[in-house]
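Asks: From first to last, the protein sequence lines are chains A and B. Counting from 1, position 335 in the first sequence corresponds to residue 335 in our numbering; the numbering is continuous, with no gaps. Counting from 1, position 256 in the second sequence corresponds to residue 1256 in our numbering; the numbering is continuous, with no gaps. One structure follows; several queries about it will come next.
2 protein chains.
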Amino acid sequence: MKQLDWTNLAEMHKTELLESVMPFWLKHSMDRECGGYLHHLDRDGSIFCTDKMMWMQGREVYMFARLYNEVEKRPEWLEAAKLGADFLRKHGRDENGDFYFLLNRQGEPLRVAYNIYSDFFAVMAMLEYAKASKESWALDLAVETFWKIMARRGNPKGRYNKILPRPDLPSDHTFPMILLNVAGMMQESVKDDRFEELLRDCLNRIMTKHVDETHKAVFEFVWADGSRPDEPAGRFINPGHAIESMWFVMEAAHKRGMTDLVDKAAEAMLWTAERGWDDEFGGFYYFLDFKDRPIEALEWNIKLWWPHTEALIGFMLAHEITGRMEFANWYRRVHEYTFKIFPDPEFGEWIAYCDRRGVPTHFLKGNKWKCCFHVPRTLLNCWQICERMKGK
Amino acid sequence: MKQLDWTNLAEMHKTELLESVMPFWLKHSMDRECGGYLHHLDRDGSIFCTDKMMWMQGREVYMFARLYNEVEKRPEWLEAAKLGADFLRKHGRDENGDFYFLLNRQGEPLRVAYNIYSDFFAVMAMLEYAKASKESWALDLAVETFWKIMARRGNPKGRYNKILPRPDLPSDHTFPMILLNVAGMMQESVKDDRFEELLRDCLNRIMTKHVDETHKAVFEFVWADGSRPDEPAGRFINPGHAIESMWFVMEAAHKRGMTDLVDKAAEAMLWTAERGWDDEFGGFYYFLDFKDRPIEALEWNIKLWWPHTEALIGFMLAHEITGRMEFANWYRRVHEYTFKIFPDPEFGEWIAYCDRRGVPTHFLKGNKWKCCFHVPRTLLNCWQICERMKGK
């Protein structure tokens, strides 16, 4: 089996990140008039909606600040991060200090603070921006927001929760997965033993409840008693999400020397890849039903950018940590597919949505769900892994 | 131009309705153990989820009762309607008398009553069932629920509304469209002058606000002052919905001798058909942006059953009312596409979802959104039109 060409791959990821992707956001998404970022961007960067999702603001702050912290102290990156951080600080929160879901261009709220993931991404933004800017208010805001999330975790949607309590309410994979990531970031910036405790609890919850060794699958919804009823939620598999979660787990477990957990996450990543790959047209399906029963989502078989970018990080990292060639091979297969389908050399950045056959259904670069996040994070993380591997 | 073959078409719609579609629901969806209907049905009628949407319960009661009222006094149809009507009466409402969104199989609530369309379909169910069964409680429940909807209309989602008030909140096409239909049904069963007033108000709101003669388009969201900002909601077009609305309008306007309104709705139906048709692969797109900017919904270009069934009713009815051959031609084109793609002669009923090319992406017969409604309503309405046209 052929080794990956780390020098070439490093160069490729670096070039795509610094010459196509980040320049696109820097050129088109800065709202110097009202602050923050415009993120509903068409193929050429033109704006098709001026509403501002709080998720997306937080993610873009995080990316620009991280580039400043980890790549180079370019003033335009710090300035770009500051544009979003100041907007989040000034307009982002309601009277309780929770982050709104959506604002208009001017910063007036359009949707209440019902979604706790707005707050998670604000924490990521503020931690990274605090490191870049040395602004103490940003770190204070990260800490305050983090503990507010923890206080809300029992009922994150508050009075907007429409699900009536029932004994068998499922546990959702997303929460421990994001918390694992964010608690790890908090730990790097703030000394507090509770982060390690939370983090280990997330690792345990994901790997004992959501990763199912008997059925060789990662399930998104598992009930409180560990069971999964034979209904759509209990059968639901999200391959991209599962692979992303497994690389969060591997990274955290590897850092702690938990080799059993690393191996288990590696196996789960391989099952998921096998199950999620479309043998006929290539690429990962968006959603699957474990028993191949009908899937509720109309878009279950489309090919989107983010499951593929997360798989690129996942397989490269898994190869670095475990040394197993299966991961290099999976990386190669996903790389070939992803770089053929998604990048847009003409206008920069990547397209987001293709049908099952890989034919684009949209040409936009940013919308309610896509922004300056999965593509640059992947390019940066993979580039960093390549640099480490070059030295070995 | 060739006339439609009314005798053949009558027979075809009748056979599909009585020998494929209704037997499928009668055989697979009756829950004789817990009451109501199981409506998450796979291709062969097997159940893949036992949750019960209140919308879907109401729609199935309506269809079985209407068949009993308008086709034949078959005891099994009345009994099938009763199964759902009793379930709705017994389990459907919360302590305020509003209909829940979702129950479990046993009738325990899973989602609160945040969606006013659950109530609308309950009214339709109860009106039709009252006519079939002569049960006075059913008519009383229809009247009570109708006026509760009217009382809630200013803020139908109540405390679950996540949209913060802003001066330019858009008016949604769905509400006056469904109200037009349901107020017309109320009028047939209950003497009260307010229904005519409401109905004329809906006709006016749809035809002056949502139908835009300058731009030759039917828009789903129009702002209170009649404007449409250049943002996704203001540019949003739903061809199937617009055609369905136009046949509601034509039917109501024709009944009242409002010929100007009939003609205007006929024109709007033609613009929408031209704009909505996929010239490359056939069929109607699901969603469009008036300026061809990116559409938020990932599934904008898929081909679903209901826009096509509504177009069949719409074009046939428009042809009957106006005598214009354009509508016969459109009917023929949509008929050919629809009957090639959706019916499932092997297991009965129709499939629901295809990709842009008309390749099925799901084989289910019922889910959260598809149930015993659009297909049988179309087959029955078209059959009835054919019978009237045969006599001419």
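Ideal Cβ placement from N, Cα and C applies to all residues, glycine included.
Please confirm if residue 213/A has its CB atom under 8 Å from at least one CB of chain B.
Replies: no
Asks: Let's see if you can read the secondary structure: which residues bound the beta strand (DSSP E) around residue 1111/B?
Replies: Counted as a single uninterrupted DSSP element, the beta strand (DSSP E) harbouring residue 1111/B occupies residues 1109–1111.
Asks: Just grab the DSSP bridge partners of residue 1217/B for me.
Replies: 1212/B
Asks: How about the stretch 1361–1370 of chain B and the stretch 284–299 of chain A: do they share at least three Cβ pairs that are nearer than 8 Å?
Replies: yes
Asks: Determine the direct distance from the alpha carbon of residue 63/A to that of residue 1113/B, and round the result to whole angstroms.
Replies: Whole-angstrom Cα-Cα distance: 41 Å.
Asks: Between the stretch 1136–1149 of chain B and the stretch 82–89 of chain A, do three or more beta carbon pairs fall short of 8 Å?
Replies: By the criterion of at least three beta-carbon pairs nearer than 8 Å, the stretch 1136–1149 of chain B is not in contact with the stretch 82–89 of chain A.
Asks: Are the CB atoms of residue 1185/B and residue 1124/B within a distance shorter than 8 Å?
Replies: Cβ distance < 8 Å, so residue 1124/B and residue 1185/B count as in contact.
Asks: Whose Cβ in chain B lies nearer than 8 Å to the Cβ of residue 299/A?
Replies: 1298, 1299
Asks: Can you confirm whether residue 1321/B, when its beta carbon is compared against all beta carbons of chain A, has any partner nearer than 8 Å?
Replies: Cβ-Cβ to chain A under 8 Å: no for residue 1321/B.
Asks: Strictly under 8 Å for the Cβ-Cβ distance: is residue 1095/B near chain A by that measure?
Replies: no
Asks: Give, in chain order, every residue of the stretch 1222–1244 of chain B whose Cβ lies closer than 8 Å to some Cβ of chain A.
Replies: 1231, 1232
Asks: Are the stretch 374–390 of chain A and the stretch 34–52 of chain A in contact at 8 Å, needing three or more beta carbon pairs?
Replies: no
Asks: From the beta carbon of residue 111/A, is the nearest beta carbon of chain B less than 8 Å away?
Replies: For residue 111/A, the answer is yes, since a Cβ of chain B falls inside 8 Å of its Cβ.
Asks: Just to confirm before moving on: does the CB-CB distance between residue 1243/B and residue 1323/B stay below 8 Å?
Replies: Going by beta carbons, residue 1243/B and residue 1323/B fall outside the 8 Å limit.
Asks: Any residues in the stretch 355–377 of chain A with a beta carbon nearer than 8 Å to a beta carbon of chain B? Which ones, in chain order?
Replies: Cβ contacts with chain B: 355, 356, 361, 362, 363, 364, 367, 368.
Asks: Could you pull the DSSP bridge partners for residue 191/A from this structure?
Replies: None, per the DSSP bridge assignment.
Asks: Within 8 Å (strictly less), CB to CB, does residue 1343/B reach chain A?
Replies: At a cut-off of 8 Å between beta-carbon atoms, residue 1343/B makes no contact with chain A.
Asks: If you run the structure through DSSP and keep just helix, strand and coil, what is residue 300/A?
Replies: coil
Asks: Run through DSSP, which three-state label would residue 56/A get?
Replies: helix
Asks: Give me the chain A residues within the contact set of residue 1159/B, using Cβ-Cβ distance strictly less than 9 Å, ordered along the chain.
Replies: 159, 160
Asks: For the stretch 64–77 of chain A and the stretch 121–135 of chain A, state whether three or more C-beta atom pairs, one from each stretch, are separated by less than 8 Å.
Replies: Per the Cβ contact rule, the stretch 64–77 of chain A is in contact with the stretch 121–135 of chain A (3 or more Cβ pairs under 8 Å).
Asks: Taking Cβ-Cβ distances shorter than 7 Å, what residues in chain A pair up with residue 1044/B?
Replies: What residue 1044/B touches in chain A: nothing, since even the nearest Cβ is about 11 Å away.
Asks: Once DSSP output is grouped into helix, strand and coil, what is the label at residue 91/A?
Replies: helix
Asks: So if DSSP puts residue 1222/B in a beta bridge, which residue, or which two residues, is it bridged to?
Replies: 1171/B
Asks: What alpha helix (DSSP H) runs, 4 residues minimum, are completely inside the stretch 1221–1277 of chain B?
Replies: 1232–1235, 1239–1255, 1259–1276
Asks: Specify, as a first and last residue, the run of the alpha helix (DSSP H) that residue 382/A falls within.
Replies: 374–390
Asks: Counting only Cβ pairs nearer than 8 Å, list the residues of chain B close to residue 152/A.
Replies: Within 8 Å Cβ-Cβ: nothing; residue 152/A doesn't reach chain B, min ~16 Å.
Asks: Could you tell me the distance, in whole angstroms, from the CA atom of residue 32/A to the CA atom of residue 87/A?
Replies: 11 Å
Asks: Taking the C-alpha atoms as reference points, what is the distance between residue 230/A and residue 1311/B?
Replies: 37 Å
Asks: Would DSSP call residue 37/A helix, strand or coil?
Replies: strand
Asks: Would you check if there are 3 or more beta carbon pairs closer than 8 Å linking the stretch 72–80 of chain A to the stretch 1006–1020 of chain B?
Replies: Because the criterion of three Cβ pairs below 8 Å is not met, the stretch 72–80 of chain A and the stretch 1006–1020 of chain B do not touch.
Asks: Could you name the residues that DSSP lists as bridge partners for residue 1102/B?
Replies: 1053/B, 1111/B
Asks: So who's on the other strand from residue 1289/B, going by DSSP bridges?
Replies: As a beta-bridge residue in DSSP terms, residue 1289/B pairs with 1236/B.
Asks: Output the distance between the C-alpha atoms of residue 152/A and residue 122/A, rounded to the nearest integer angstrom.
Replies: 15 Å
Asks: What's the C-alpha gap between residue 1099/B and residue 1021/B?
Replies: 27 Å
Asks: So, at 6 Å on beta carbons, what are the nonlocal neighbours of residue 1160/B in its own chain, with the 5 sequence-adjacent residues on each side left out?
Replies: Around residue 1160/B: 1114.
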